[in-house]
Amino acid sequence: MQSAKRILMIGPMHETVMQHTAKHYDVLELWRHDNPLEVLQAQGKGIEAVITGAFFGIKNEYLDFLPDVKVVSTFGVGYDSIDTQALAERGIQLGNTPDVLNDAVADTAIALLLAVVREVVRTDRYVREGCWPQGFYGLTPNVSGKKVGIVGLGSIGKVIAKRLGGFDCDIAYHNRSQRTDVDYAYFSSLNDLAAWSDFLIVATVGGTQTQNLINAQVLAALGPQGYLVNIARGTVVDEEALLKALQEKTIAGAGLDVFTNEPHVPEAFFALDNVVLMPHLASATHETREAMAQRVIENLEAFFQDGEVVSRVV
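Start counting the sequence shown at 306; every next residue gets the next number (the working numbering).
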């Protein structure tokens, strides 16, 4: 009987992935060991695949002890925690989980937008603390009919735009290049898009190429009536500049699902009433995480069967 293929799991995964791999593969669970490099030095040879996630990534130094790895399957659409060039140089394929999480992430973007603009969290507290009998809370802006700029009109950005169509919003976007398959207005200048927008939603990829893309100048262009929503990566927004803009009210508010140094969030955010905070849960629905788990498995199985992952990055 042929022995099971050996795979490396960097960190704990969704239950579906754990059960499937335990049944069909010989799994080295790296997170259970205090010294990963020593373990890989001793056991890395013969491992053919790696399973990881956007939070765990894979360190380049691990690859030095994994000479037989041919494929990495990651749980998540983002791969900024993985050095794709290093994988490509070693001839290692990378598969991620795009598309299956588009709806959940887009829903979260809309939820954050509504929460911060209509002040859902603050008004909930207003009722709970018994303030309502003391008087009328006040007015908030509309969401419907406003101008929304989307930074990164990829697969998730397009679903966000579709959602906003139901609110009769005017949509424009900024990408590295203009798309030919949409009719939305395109801004080659991010500052100009921010100045045009009532709401700016960040849905671009993470990584060094977009680090601090939303900087003090962009926030200044968004202005004191403008709102920012980020469901992309924390690194895309200059966190210090954003804190200053919120504290000084040079923007009206922000809805944030992601942060620079997760899970550690600057405590200065906690004192602000004009920001809504979520712990990176945009894709965290039962249905979406199950679909992501299935894609992790499909990428692995497709590679071993046909030599090509389903959702190939490199």
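By construction, the Cβ of each residue, glycine as well, lies at the ideal position given by its N, Cα and C atoms.
Separation of the CB atoms of Phe564 and Glu544 is rounded to 7 Å, and the pair is thereby assigned contact status at 8 Å.
Scanning Leu518, Ile387, Ala409 for the CA closest to the CA of Ser460 turns up Ala409.
Under DSSP, the beta-bridge partners assigned to Val534 are Ile506, Gly560.
In the three-state scheme derived from DSSP, where H, G and I count as helix and E and B as strand, Ser308 is classed as coil. Between the stretch 429-444 and the stretch 375-382 there are fewer than three C-beta pairs closer than 8 Å, too few to call the two in contact. Between the stretch 360-377 and the stretch 341-352 there are three or more inter-stretch CB-CB distances shorter than 8 Å, so the stretches are counted as touching. In terms of CA proximity to Val426, Leu577 leads the group Leu577, Ala587, Val614. Assigned with DSSP and collapsed to three states, His319 falls in coil, not helix or strand.
Counting only residues of its own chain and dropping the five nearest sequence neighbours on each side, Met583 has a CB closer than 6 Å to the CB of Asp562. Leu551 is positioned such that its CB atom lies closer than 8 Å to that of Asn579. For Thr379, DSSP records a beta bridge to Thr357. Looking at the backbone, the Cα of Asn340 and that of Ile556 are separated by about 46 Å. Just measuring C-alpha positions, the residue of Asp473, Gln514, Val432, Asp503 sitting nearest Arg481 is Gln514.
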